[in-house]
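Asker: Just so we're on the same page, the working numbering is the position in the sequence shown counted from 1, plus 2. Just so it is clear, CB atoms sit at the ideal spot from N, CA and C, and this is done for glycine as well. Note that the coordinates shown come from a computational prediction; the quantities given were computed from them, not determined experimentally. Pasting in a structure now, in structure tokens, and then I'll have a few things to ask.
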Amino acid sequence: MEVREISLGATTLLATDYINGVFPTEKGFSYSLKAEDVFWRRLSDIKNRAYLRRELVEYLRSYHKRFQAGSKTMENIEKLLDRESVVVVGGQQAGLLTGPLYTIYKIITIITLAKEQERQLGVPVVPIFWIAGEDHDIAEVNHVYVVEGGKMKKVVYPHAPQEKRMVADVPLDRQIGYEWVTSVVKTYGETETTNKLLDFLFRCLEESQTFVDFFASIVLRLFASEGLVVLNAADAGLRTLESGFFTVLIERHREITAAVLQKQEELRRLGYKQMLDIHAHSANLFYYDGRERWLLEYDPQKEMFRSKKGNIMLAKEELMQLAKTKPACLSNNVVTRPLMQEFLLPTLAFVAGPGEIAYWAELKEAFSVFGLQMPPVVPRVQMTIVERSIQTDLADIGIDIMDVLEGRIEAVKQQWLAKKARYPLEDLFAKAKEEIEKIHRPLREIGMEIDRGLAGVLTKNAAFVQAQIDFLQQTLQKALIRKYEAELQKFLRVEMSLRPDGAPQERIWNIFYYINKYGFDFVEKLLQLNGHWNGMHKIVYI
3 MEVREISLGA
13 TTLLATDYIN
23 GVFPTEKGFS
33 YSLKAEDVFW
43 RRLSDIKNRA
53 YLRRELVEYL
63 RSYHKRFQAG
73 SKTMENIEKL
83 LDRESVVVVG
93 GQQAGLLTGP
103 LYTIYKIITI
113 ITLAKEQERQ
123 LGVPVVPIFW
133 IAGEDHDIAE
143 VNHVYVVEGG
153 KMKKVVYPHA
163 PQEKRMVADV
173 PLDRQIGYEW
183 VTSVVKTYGE
193 TETTNKLLDF
203 LFRCLEESQT
213 FVDFFASIVL
223 RLFASEGLVV
233 LNAADAGLRT
243 LESGFFTVLI
253 ERHREITAAV
263 LQKQEELRRL
273 GYKQMLDIHA
283 HSANLFYYDG
293 RERWLLEYDP
303 QKEMFRSKKG
313 NIMLAKEELM
323 QLAKTKPACL
333 SNNVVTRPLM
343 QEFLLPTLAF
353 VAGPGEIAYW
363 AELKEAFSVF
373 GLQMPPVVPR
383 VQMTIVERSI
393 QTDLADIGID
403 IMDVLEGRIE
413 AVKQQWLAKK
423 ARYPLEDLFA
433 KAKEEIEKIH
443 RPLREIGMEI
453 DRGLAGVLTK
463 NAAFVQAQID
473 FLQQTLQKAL
483 IRKYEAELQK
493 FLRVEMSLRP
503 DGAPQERIWN
513 IFYYINKYGF
523 DFVEKLLQLN
533 GHWNGMHKIV
543 YI
């Protein structure tokens, strides 16, 4: 693998500025990544904080035994008993087959940063992936994209939605799962790895009851040699550990909301778009009845916590009692999840995607409500994988990969076609239409003098003549496309591989396409790349 590093804008202005080092760090974050001692400072800041280490380890042991996690993972879990140990953490939804590539890139960043800092700091650093099993939007995780008939196609797992259940509670039918996985892998084409890949995925399915189980099983196996630890945010066992902090979140919900709103206003004045949908009465917690997840608001007049529809009404005392006795009935939203993470884990660093970077900046003062510093926010690695055949196509059609990555491929293709054609068709036909209109107008005027009742016929005839010119232009355009079909197919392959449907590759393609083609050591090779979190976009040639 060869790597070329480039500067490429992120999906949000704030994230772009943060990654490029021009965002005023103190306005949204507690630590500057430009400081050489950033992780030493963070280690010092959390050194004397108390965590539920023994309880967390007991829970993680039990959870990971369900998946027959490897010895390295179990060793890393035990490391958390060491009072000096810290974690590097990041998270994502439990996408089928791990979802888009960026989930894998986030895990890779977590692992490599944890290894690096363990060497430099001389303390145990455990890589943890926070599975967002609390999310209830099944449509975000129930599919992968494949290529069929020369086009990208979304292949959805055939699941009938059942209310707004948390993804962690959505059952996975094994027989349907086998058939769905087989249909996806079939689109990748048969290689020496295909049977091994199917066996790997089927074994993961066999130990899975839900979408989250399937995700956890896959990543624990894929990264077994790296000792990755996973944390299912929706697991009832974890809720027991979170119980005490839920009561604090309930008690101080108005302070948290006010802190976020204040920071949003400050960032707006700096020219940054608001990311979090929050208002003055947001309680930033969900109530979960086992079937649906209801976002709670606070009604100051009735002094009640309620759902937007009003079908859930809870007094503060009732909500506090739930937190103490039935914490599985509560779950965090996008504001309180980072705070709960900070309560549970001795976090050395949080690995974030561009969207997360932007909305975490709005949370800085929410951490301050509890006297906490937001952990260093480290951008996950961003990559574009360029296969050898695509590299050849790029060379053959003579375009720069930056034109593709920055969304200019259609314009470049039209310029290329215009040069190849050597005929300025648009100009020629525009001129022809003008000339014909000049000729036809006097004829229409004469016709109107002869009989004004012919107006409709004359107008229709003019439109017909112009339509024939349009038809001729389209015919010649199609002929040109046929003439250069082989080259235009290369444009199509390049676009589909590097920027499918106008989106970054990492948001569409799935890791198992590459594993099927290049073997299971493909992930290991990605792990060995240098400079994972330096903010530069990696173009990886394979």
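#1: Applying the 10 Å Cβ sphere with the 16-neighbour rule, what's the burial state of residue 562?
#2: For residue 40, does the three-state DSSP call read helix, strand or coil?
#3: For residue 123 and residue 41, what's the separation of their Cα atoms in angstroms?
#4: With DSSP as the reference, label residue 94 as helix, strand or coil.
#5: When you compare the region 504-521 with the region 182-200, are there three or more beta-carbon pairs, one atom per stretch, that lie closer than 8 Å?
#6: Under a three-way DSSP split, which group does residue 175 fall into?
#7: List the residues that DSSP assigns as beta-bridge partners of residue 384.
#8: What residue ranges within the region 367-440 form continuous beta strand (DSSP E) runs of no fewer than 3 residues, ordered along the chain?
#9: Can you tell which of 338, 15, 526 and 291 has its C-alpha closest to the C-alpha of residue 250?
#10: According to DSSP, residue 316 sits in a beta bridge with which residue or residues?
#11: I'd like to know whether the C-beta of residue 346 is nearer than 8 Å to at least one C-beta of chain D.
#12: Which residues in the same chain have their Cβ closer than 6 Å to the Cβ of residue 147, if we skip the five residues on either side of it in sequence?
#13: State buried or exposed for residue 50, treating a residue as buried only when at least 16 other CB atoms are found within 10 Å of its CB.
#14: Applying the criterion that 16 or more other CB atoms from any shown protein chain within 10 Å of the CB defines a buried residue, is residue 495 buried or exposed?
#15: Can you tell me where the alpha helix (DSSP H) with residue 335 in it begins and where it stops?
#16: Out of 20, 190 and 362, point me to the one whose CA is closest to residue 518's CA.
#17: Does the region 326-335 come into contact with the region 243-259, if we say contact requires no fewer than three beta-carbon pairs (one atom in each stretch) closer than 8 Å?
#18: If I measure Cβ to Cβ from residue 53 and keep anything under 6 Å in the same chain, skipping five residues before and after, which residues do I get?
#19: Using the DSSP secondary-structure output, state which residues sit across from residue 155 in a beta bridge.
#20: In three-state terms, what does DSSP make of residue 362?
#21: For residue 21, which three-state DSSP category applies?
#22: If I'm right that residue 94 touches residue 105 with Cβ under 8 Å, what's the distance once you round it to whole angstroms?
#23: Assess, as a yes-or-no matter, whether the region 84-99 is touched by the region 499-506 under the definition of 3 or more beta carbon pairs within less than 8 Å.
#24: Does the region 216-227 come into contact with the region 308-328, if we say contact requires no fewer than three beta-carbon pairs (one atom in each stretch) closer than 8 Å?
#25: Look at residue 499 and residue 389 and say whether their C-beta atoms are less than 8 Å apart.
#26: Among the residues of its own chain, which have a CB less than 8 Å from the CB of residue 43, if the five just before and after it don't count?
#27: Could you check if residue 108 is buried or exposed, using at least 16 other CB atoms within 10 Å of its CB as the buried criterion?
#28: What first and last residue would you give for the beta strand (DSSP E) that runs through residue 351?
#29: Within the chosen definition, does the region 521-540 reach the region 122-140 through at least 3 CB pairs nearer than 8 Å?
#30: Name the two residues that bound the continuous beta strand (DSSP E) containing residue 298.
#31: Can you pull the DSSP bridge partners for residue 327?
#32: Let me make sure I understand the geometry here. Which of 386, 243 and 55 has the alpha-carbon closest to that of residue 6?
#33: Could you tell me how far apart the beta carbons of residue 69 and residue 363 are, in whole angstroms, since I believe they sit closer than 8 Å?
#34: Run through the region 430-513 for me and flag every whole alpha helix (DSSP H) of 4 or more residues, listed as ranges in chain order.
#35: Since residue 284 sits in a beta bridge, which residues does DSSP pair it with?
#36: Of all the alpha helix (DSSP H) runs that stay within the bounds of the region 62-135, which reach a length of 4 or more residues?
Answerer: Checking against the coordinates, here is how it stands:
#1: As displayed, the chain neither begins before 3 nor continues past 544, which places residue 562 out of reach and without an answer.
#2: Helix, per DSSP.
#3: Roughly 8 Å separates the two Cα atoms.
#4: strand
#5: yes
#6: Coil, per DSSP.
#7: 539
#8: 379-381 and 384-388
#9: Ranking the options by Cα distance to residue 250, first place goes to 338.
#10: 307
#11: The structure shown has no chain D; it contains just one protein chain.
#12: 154, 156 and 510
#13: exposed
#14: buried
#15: Premise fails: residue 335 is in no alpha helix (DSSP H) and is neither H nor E.
#16: 190
#17: Counting C-beta pairs closer than 8 Å gives three or more between the region 326-335 and the region 243-259, which meets the contact rule.
#18: 348
#19: 148
#20: When DSSP states are grouped into helix, strand and coil, residue 362 belongs to the helix group.
#21: helix
#22: About 5 Å; that satisfies the 8 Å criterion.
#23: no
#24: no
#25: Yes, the pair counts as a contact, with Cβ atoms nearer than the cut-off.
#26: 33 and 37
#27: buried
#28: 349-354
#29: no
#30: 295-301
#31: Looking at the DSSP assignment, residue 327 forms no beta bridge with any residue, so it has no partner.
#32: The shortest C-alpha separation from residue 6 is found at 386.
#33: Between residue 363 and residue 69 the Cβ distance is about 35 Å, and since that is not below 8 Å, they are no contact.
#34: Given a length threshold of 4 residues, each whole run of the alpha helix (DSSP H) inside the region 430-513 is given here in chain order: 457-485 and 487-500.
#35: 299
#36: 73-81 and 103-123
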